[in-house]
Amino acid sequence: MGWQPSFTWCSILSANDLILAELRWLIGDRKPVKIWRDPWIPRSTLFRPHTTPQPERINDFVSSLIDDNAGDWNRIYIEQIFHPMNSEVIFSIPLNGRSSPDTPIWHNSPNGLYSIKISYHLCESLSELVSTSNTPPNWNFIWKARVPYKVKLFRWKACNNALPTYHNLHRRINSISPIFLWCGIDLENTFDTLVTYSIARQTWAMSNISSEAWSYHSESIDKWLHHASVKLTEDEFQFSLWFCGLSRPIGAPLLCLLITLLPTKRLLLLGLTSNRIRTHSGKTSP
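Residue 1 is where the sequence shown starts when you use UniProt numbering, and the numbers rise one by one after that.
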């Protein structure tokens with residue numbers, strides 16, 4: 001934008017994260033869309049599967065989930081690798097022998113096209129969510145951080161126990177099990193997801209962040225968040241927390257590799273300029 005960009009350009013680009021966060025693929029011929037890396041599951045958190053894939057399956061395409069002979073979803077295979085919550089949504093996606101290419105659409109729009117009006121109402125609803133959350137005044141530092149809005153919102157949700165953990169989902173939809181799939185025993189809550197589970201600790205341990213910032217022993221997510229935040233700048237902490245949260249749906253090894261190879265400043269730059277994941281083919285998914 002150059003030096004001292006205009007208010008208009010700042011306003012346009014401030015909505016960039018919100019726009020990209022609501023993009024997903026409309027399944028057509030299923031050729032370019034990857035199961036675990038691309039957003040394609042409607043009504044799902046991040047539009048991606050909740051299940052962590054096996055390493056050798058990380059680059060599988062959505063087309064591998066189709067029974068070509070029947071022209072329908074391979075239900076047996078899908079039920080084997082996905083959580084029932086994701087399976088039901090996948091089965092609801094019509095195929096109908098589509099020959100049109102996969103198309104990126106804006107999830108909140110009825111016709112899939114971006115609309116300023118719908119974007120405005122979405123921003124308003126998020127603002128109301130924040131304003132009615134009894135957010136203490138000293139939480140303003142969250143919203144003042146120089147990180148994408150999605151990262152700030154993740155930090156705020158963590159503080160308010162509003163992340164889509166299985167325990168929280170179970171409280172809304174009784175048919176969803178509150179048990180964490182990785183261990184099959186414990187209830188999955190916010191603190192365990194971000195701090196105590198092995199996948200979370202592996203992500204923190206393999207990062208460039210000092211263990212003093214994240215290994216603090218506490219039974220309260222509030223106390224842990226406060227301790228960790230004072231050890232890092234707010235920008236660094238929010239991005240670190242967000243990356244740790246991402247390790248849950250797409251797997252710790254991939255996130256650990258990214259955090260280990262890139263210094264914090266590069267991670268900040270990566271998040272500020274794009275929220276898209278570059279595939280091995282060189283193409284960028286929305």
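A virtual CB, placed ideally from N, CA and C, is assigned to each residue, including glycine.
Check	Outcome
If you draw a straight line from the C-alpha of residue 229 to the C-alpha of residue 241, how long is it?	10 Å
Quick check: residue 145 and residue 235, are their CB atoms within less than 7 Å of each other?	yes
Within the same chain, show all residues whose beta-carbon is closer than 8 Å to that of residue 298, passing over the 5 residues directly before and after it, in chain order.	Since the first residue shown for the chain is 1 and the last is 286, residue 298 is missing from the structure and cannot be characterised.
Can you tell which of 221, 231 and 200 has its C-alpha closest to the C-alpha of residue 191?	221
Pick from 34, 112 and 41: whose alpha carbon is nearest that of residue 83?	41
Where DSSP assigns a beta bridge to residue 232, which residues make up the other side?	The partner list for residue 232 (beta bridge, DSSP) is empty, contrary to what the question assumes.
May I ask which residues mark the beginning and end of the alpha helix (DSSP H) holding residue 153?	149-159
Looking at the secondary structure, which residues open and close the alpha helix (DSSP H) in which residue 84 lies?	84-91
Would the beta-carbon of residue 58 fall within 7 Å of that of residue 36?	yes
Since I believe residue 23 is in contact with residue 106 (beta carbons under 8 Å), could you give me their beta-carbon distance rounded to a whole number of angstroms?	6 Å
At the level of alpha carbons, what is the spacing between residue 91 and residue 77?	12 Å
Figure out for me which residue from 95, 189 and 43 has the closest Cα to the Cα of residue 29.	95
Would you kindly report the start and end of the unbroken beta strand (DSSP E) that includes residue 146?	No beta strand (DSSP E) contains residue 146, which DSSP labels as neither H nor E.
Run through DSSP, which three-state label would residue 67 get?	strand
Is it buried or exposed, residue 171, if we count other Cβ atoms within 10 angstroms and call 16 or more buried?	exposed
With burial defined as no fewer than 16 other Cβ atoms inside 10 Å of the residue's Cβ, what is the status of residue 103: buried or exposed?	exposed
Excluding the five sequence neighbours on either side, which residues of its own chain have a C-beta within less than 7 Å of the C-beta of residue 89, listed in chain order?	41, 42, 43 and 44
Suppose contacts are defined by Cβ-Cβ distances below 7 Å. Is residue 100 in contact with residue 109 by that definition?	no
Rounded to the nearest angstrom, what separates residue 188 and residue 54 at their Cα positions?	21 Å
Do residue 147 and residue 61 come within 7 Å of each other at the CB atom, strictly closer than that value?	no
Pick out whichever of 152, 73 and 224 has its Cα sitting closest to the Cα of residue 324.	The question about residue 324 has no answer here: the residues shown for the chain are numbered 1 through 286.
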